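Below is one structure, written out as structure tokens, with a few remarks after it.
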Amino acid sequence: MDTGDARPGGFRSAAWDGSSEHVRTTPRLSLPGTRRESPAPARPRDAGGTTLGFVLAVLAGAGAAVGAHRLLDQPVETSGVLGGITLLLFLVAHTIGARGAGPDPATGGRITETARQRRAEVIAPPETEQWLRRARRAADRLDAHRELAARRDGSDALANLLSDSAAHARVAADQLVHRAEAVTAIDTTVADGPDARELRGEHLRLTREIESLPGGPVRRAKETSARAVADRAASRERLEELRGVLMAELESLALHLETAAEHGGALLSLRTAGDLAASTLDLTPLTTELEAVREGLDRMDSLTRDLLPELPSS
274 MDTGDARPGG
284 FRSAAWDGSS
294 EHVRTTPRLS
304 LPGTRRESPA
314 PARPRDAGGT
324 TLGFVLAVLA
334 GAGAAVGAHR
344 LLDQPVETSG
354 VLGGITLLLF
364 LVAHTIGARG
374 AGPDPATGGR
384 ITETARQRRA
394 EVIAPPETEQ
404 WLRRARRAAD
414 RLDAHRELAA
424 RRDGSDALAN
434 LLSDSAAHAR
444 VAADQLVHRA
454 EAVTAIDTTV
464 ADGPDARELR
474 GEHLRLTREI
484 ESLPGGPVRR
494 AKETSARAVA
504 DRAASRERLE
514 ELRGVLMAEL
524 ESLALHLETA
534 AEHGGALLSL
544 RTAGDLAAST
554 LDLTPLTTEL
564 EAVREGLDRM
574 DSLTRDLLPE
584 LPSS
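Plus 273 on top of the position in the sequence shown (first one is 1) and you've got my numbering.
Here it is, written out as structure tokens:
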């Protein structure tokens with residue numbers, strides 16, 4: 274089989290060219306679960322802190338007693354009472370301070386933030402991250418196949434194909450990060466407002482009010498509001514539909530990259546085992562998957578370009 278034209282280098286497009294900057298993604302933040310929480314464990318006692326507090330209280334009490342007797346010329350009995358009161362006050366103050374300090378037992382020993390700061394923790398991360406992570410791992414596997422093939426025989430057709438495939442997969446995984454930013458942009462745009470269904474309901478309410486109003490400034494104002502709400506609802510529907518398409522494309526591309534990595538590994542295994550010569554290996558499945566990735570990137574590129582004029586109007 275002639276493998277000279279099976280290498281993916283022949284189907285580069287604008288979606289593959291150029292360097293792609295890596296975009297640092299924020300750590301994933303888990304949503305609080307719905308399972309029943311177990312009772313919080315009792316706060317562990319700090320033996321070292323308790324001992325230190327007791328020693329300081331004794332020293333403070335003794336110092337107060339000696340000072341009252343020597344400096345204020347108080348009787349021994351009175352000085353002892355003052356020293357005891359001082360000791361008790363120090364113990365009470367230390368106990369109250371120890372209870373207020375330290376992490377809450379429900380946090381497992383972690384220092385927590387204020388309630389306002391913690392509100393950010395319940396925001397789910399973009400669901401795109403799982404597909405971006407799988408795409409990166411697939412690119413890593415293809416790169417590992419490339420290195421192994423290069424160590425065995427860097428001149429045969431399979432080694433060259435795996436080298437090009439690994440390079441294309443890495444570029445594709447990087448470009449997926451930028452394409453996925455469109456999903457984040459949509460989420461940011463629609464986060465603080467009603468969804469399309471709520472807007473349609475509001476438009477229906479305004480329409481019914483208009484039907485019951487006589488002609489005049491109030492009716493005209495309601496009609497203006499109804500048109501604005503209808504436009505906003507249509508824009509929101511387009512954004513929501515576009516988000517669904519982008520997510521489907523992102524999922525498809527990640528799965529194609531994973532399949533390409535599996536094909537590359539299978540071909541390398543056959544070549545390494547000596548079952549088939551490099552000239553008889555069927556490289557078509559691998560090149561087909563990479564072609565599907567290229568086409569998917571082109572589609573996502575077109576979709577994200579169409580998204581840009583849509584965002585301000587929502």
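Quick reminder that beta carbons are idealized off the backbone N, C-alpha and C, glycines included. These numbers come from a predicted model, not from an experiment.
Exposed unless 16 or more other CB atoms sit within 10 angstroms - verdict on residue i
i           : result
residue 419 : buried
residue 344 : exposed
residue 444 : buried
residue 424 : exposed
residue 554 : buried
residue 562 : buried
Beta-carbon proximity list for residue i, same chain, < 8 angstroms, skipping 5 on both sides
i           : result
residue 524 : 404
residue 569 : 522, 525, 526 and 529
residue 401 : 453, 456, 457, 520 and 523
Residue i in three-state terms, based on DSSP
i           : result
residue 400 : coil
residue 346 : coil
residue 515 : helix
residue 487 : coil
residue 530 : helix
residue 555 : coil
residue 568 : helix
Chain-order list of residues whose beta-carbon lies under 7 angstroms from that of residue i (same chain, five-residue window excluded)
i           : result
residue 335 : 356
residue 510 : 469
residue 479 : 495, 498, 499 and 502
residue 442 : 411, 412, 415, 530 and 533
residue 407 : 527 and 531
Contact with chain D by residue i, beta-carbon distance below 8 angstroms
i           : result
residue 338 : Although the question refers to chain D, the structure presented lacks it and comprises just one protein chain.
Residues near residue i in its chain [Cβ-Cβ closer than 6 angstroms; skip 5 each side]
i           : result
residue 333 : 359 and 363
Any non-hydrogen atom of the ligand GTP within 7 angstroms of residue i CB
i           : result
residue 404 : Ligands are entirely absent from the displayed structure, and the ligand GTP is therefore not among its contents.
Minimum length 4: unbroken alpha helix (DSSP H) runs contained in the stretch 409 to 485: 430 to 463 and 469 to 485, all fully within the stretch 409 to 485.
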